[in-house]
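Asks:
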Amino acid sequence: PSSDRPSPLPRFPRDFLWGVSTSAAQIEGAVDEDGRGPSAWDAFAAEAGRIKDGATPRVTTDHYHRYREDVALLKELGVGAYRFSVAWPRVVPEGRGAVNGAGLDFYDRLVDALLEAGIAPVPTLFHWDTPQPLEAAGGWLVRETAAHFAAYADAVAARLGDRVPHWITLNEPAELTLLGYGLGQHAPGRHLLFDALPAAHHQLLGHGLAVQALRARGATSIGIANSHGPTWPASNSPADTEAADFYDLLLNRLFAEPILLGRYPEGIAALLPGPVADDLKTISEPLDWYGINYYQPTRIGAPEADDSATASDFSGIRLPAGLPFAPREIEGRPRTGFGWPVVPEALTELLLTFHQRYGTALPPLMITENGCAYDGIDDPERIAFLDAHLRALRTALDAGADVRGYFVWSLLDNFEWAEGFHQRFGLVHVDYTTLRRTPKASFHWFRDVVAALGWLPT
Ligand code: GBH
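Given below as structure tokens:
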């Protein structure tokens, strides 16, 4: 009945950029074709018990062979931009040294297909698929990895830079540091807790060096995709507030401030490798825009006596005992298939907080990921989620936030890391037996949103 239908979405600026995102390890498959080397995720998936049902990145959606069909879907969707990632182990199989031309050929074909369809390519240079030879030598815990990353960035820009102005250096260094090196939930499966923080610094250094390499190749639109969310104290007690502030420092400020302000937040220096003053000059190379991946806020309290004695589970993540903060459930909210609470107004809060904190040091913002996991081809929950988040974004624009674009995670159902194929984030359903693609109700809804609200190709 029409009375149940939500009111039309408010309008967005004429030149607002509408897009969708994916990443290489999650959609490409073809892990040993055309000279690609193994990634840390291939190695991690080969270890028993790491990933649900023993799923692997071996085939996923087979996008490597089906990219033309996927570009046709993007064209039907009507988006102005497509964010994908370039697989480092496809381009530099050893992680350092020889460049594999056949690996670059794939992205060359993809970029041409996108341009022919009138869609701006927005490549991310690193979305967690570290070449396994580098990972075996310590991965991002090792300083030299940053320089190898910049050399790889240069090779990609040398090939694609004549047609690609927009670039993203890293995806979510916070999650790789925390889940990959800190808690062992993601590749490379290390349990280093706070000793993981050098991996954060080296990724940030790699980011800055890659910005320099991209600029030298003429790139004019460079950003990063950082994971951020408001941190809510469980109560206004001093202990809960202090715990929440510390978590905010680790998730948000640790990754935003070196880039935007050229310094680390106070209280973190002791956890980083050696003197970092010169590195901070590199890390704070000016960006053309700053990308935010937003999923949900986190509610944090001080650990209680029983938390500090035993490990606990939080939304499927095993937290060790003895941390200086404890996640608390956000009650009274709908939950996505993943169990994450749906809190659209926290997106407004996040964007306004960024403006308040960083003022004129903040370049224009871009939402580089936002989305949710639900099963089914008829997916009214995803439509409601995206609709509510777009309204929250519009509210932030009205309050003065400078946000230039919005990318849905994700175009396709895909390999959801430690969850394997269980969590489906796509606007397009993928049957993992036949690899058939079927646009969901949310695909048609988003197509209509983009058509109605308009975009200008850049
Ligand atoms: C992104 O990471 C990734 O960039 C992308 O590859 C991935 O497929 C996508 O999101 C969906 O997962 O506090 O337990 O409720 C998202 C990072 C980290 C965001 C965990 C949500 C919630 C955990 N996420 N967080 S919990």
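Residue numbers are given in our numbering: position 83 of the sequence shown equals residue 86, and the series is strictly consecutive.
Every residue gets a Cβ at the ideal spot worked out from N, C-alpha and C, and that includes glycine.
(1) Exposed or buried, which one is ILE380 when buried takes at least 16 other CB atoms within 10 Å?
(2) Output the boundary residues of the alpha helix (DSSP H) element that contains SER445.
(3) Taking the C-alpha atoms as reference points, what is the distance between ARG450 and GLY81?
(4) Determine the contact status of GLU254 and THR301, defining contact as a CB-CB distance below 9 Å.
(5) Buried or exposed: GLU307, going by 16 or more other Cβ atoms within 10 Å of its Cβ?
(6) Write down the C-beta distance between PHE328 and PHE424 rounded to the nearest angstrom, noting that I regard them as a contact closer than 8 Å.
(7) Would you kindly check if the distance between the Cβ of ALA199 and the Cβ of GLY183 is under 9 Å?
(8) Mind checking if ALA395 is an interface residue toward chain B, Cβ cutoff 9 Å exclusive?
(9) Does DSSP put ARG146 in a helix, a strand or coil?
(10) Closest to LEU456 by CA distance: which of PRO134, TYR409, ARG256 and GLU372 is it?
(11) May I have the straight-line CA-CA distance separating VAL23 from VAL89, to the nearest angstrom?
(12) CB of GLU119 to nearest heavy atom of the ligand GBH: below 8 Å?
(13) Whose CA, out of LEU113, ALA116, PRO41 and LYS78, lies closest to the CA of TRP91?
(14) Can you give the beta carbon distance from LEU290 to ILE225, rounded, assuming they're within the 8 Å contact cut?
(15) Cutting at 7 Å between CB atoms, please list the residues of its own chain near SER413, excluding the five before and the five after it.
(16) Would you say TRP143 touches the ligand GBH, meaning its beta carbon is less than 8 Å from a heavy atom?
(17) On the DSSP bridge list, what partners appear for TRP316?
(18) At a cut-off of 8 Å, would you count SER26 as near the ligand GBH, judging by its Cβ distance to the nearest heavy atom?
(19) Return the chain-ordered list of same chain residues with a C-beta closer than 6 Å to the C-beta of THR371, the five sequence neighbours on each side being excluded.
(20) For GLN206, is the beta carbon positioned less than 8 Å from some heavy atom of the ligand GBH?
(21) I think PHE129 touches THR172, with their Cβ atoms under 8 Å apart; what is that distance to the nearest whole Å?
(22) HIS432 lies in the beta strand (DSSP E); which residues open and close that run?
(23) For a minimum of 3 consecutive residues, which ranges assigned as the beta strand (DSSP E) are wholly contained in the stretch 16-99?
(24) Suppose the cutoff is 6 Å on Cβ atoms and the five residues either side in sequence are ignored; what does the same chain contact list for PRO13 look like?
(25) Could you check what DSSP says for GLU260 in three-state terms: helix, strand or coil?
(26) Could you tell me whether the stretch 109-126 touches the stretch 56-75, where touching means 3 or more Cβ pairs closer than 8 Å?
(27) Using three-state DSSP, classify GLU175 as helix, strand or coil.
(28) Kindly indicate the opening and closing residues of the beta strand (DSSP E) around GLU372.
Replies: Taking the coordinates as given:
(1) Exposed is the call here.
(2) For SER445, the enclosing alpha helix (DSSP H) starts and ends at 444-456.
(3) The alpha-carbon atoms of ARG450 and GLY81 are separated by roughly 6 Å.
(4) Here residue 254 is Leu; the residue named in the question, Glu, does not match the sequence. Closer than 9 Å, so yes.
(5) Label assigned to GLU307: exposed.
(6) With a beta-carbon spacing of about 32 Å, PHE328 and PHE424 fall beyond the 8 Å limit used to define contacts.
(7) Between GLY183 and ALA199, the C-beta spacing is below 9 Å.
(8) In the displayed structure, chain B is absent; only one protein chain is listed.
(9) If DSSP states are grouped into helix, strand and coil, ARG146 belongs with coil.
(10) Among PRO134, TYR409, ARG256 and GLU372, the Cα nearest to that of LEU456 is on TYR409.
(11) The straight-line gap from Cα to Cα measures roughly 15 Å.
(12) No.
(13) The candidate whose alpha carbon is nearest that of TRP91 is PRO41.
(14) 6 Å between Cβ atoms; contact.
(15) Cβ neighbours of SER413 beyond the five flanking positions: VAL23, SER24, THR25, GLY374, PHE428 and GLY429.
(16) Exclusion of TRP143 from the 8 Å shell around the ligand GBH follows from its C-beta lying no nearer than that to any non-hydrogen atom of the ligand.
(17) In the sequence under discussion, the amino acid at residue 316 is Asp, which differs from the Trp named in the question. In the DSSP secondary-structure assignment, ASP316 is bridged to ARG321.
(18) Because some heavy atom of the ligand GBH lies under 8 Å away, the Cβ of SER26 counts as near it: yes.
(19) Sequence-distant partners of THR371 (beyond 5 residues in either direction) whose C-beta falls short of 6 Å from its own C-beta, in its chain, are ALA228, GLY294, ASN296 and PHE410.
(20) For GLN206, the distance from the CB to the nearest heavy atom of the ligand GBH is not below 8 Å.
(21) Taking a contact as a CB-CB distance under 8 Å, the pair PHE129 and THR172 counts as one, their CB atoms being some 7 Å apart.
(22) Element bounds for HIS432: 431-433.
(23) Segments of the beta strand (DSSP E) lying fully in the stretch 16-99: 20-24 and 84-88.
(24) Correct list, in chain order: ARG397.
(25) The three-state reading of DSSP puts GLU260 in helix, counting H, G and I together.
(26) Contact holds: three or more Cβ-Cβ distances are below 8 Å.
(27) In the three-state reduction of the DSSP assignment, GLU175 falls in the coil class.
(28) First-last of the beta strand (DSSP E) with GLU372: 368-372.
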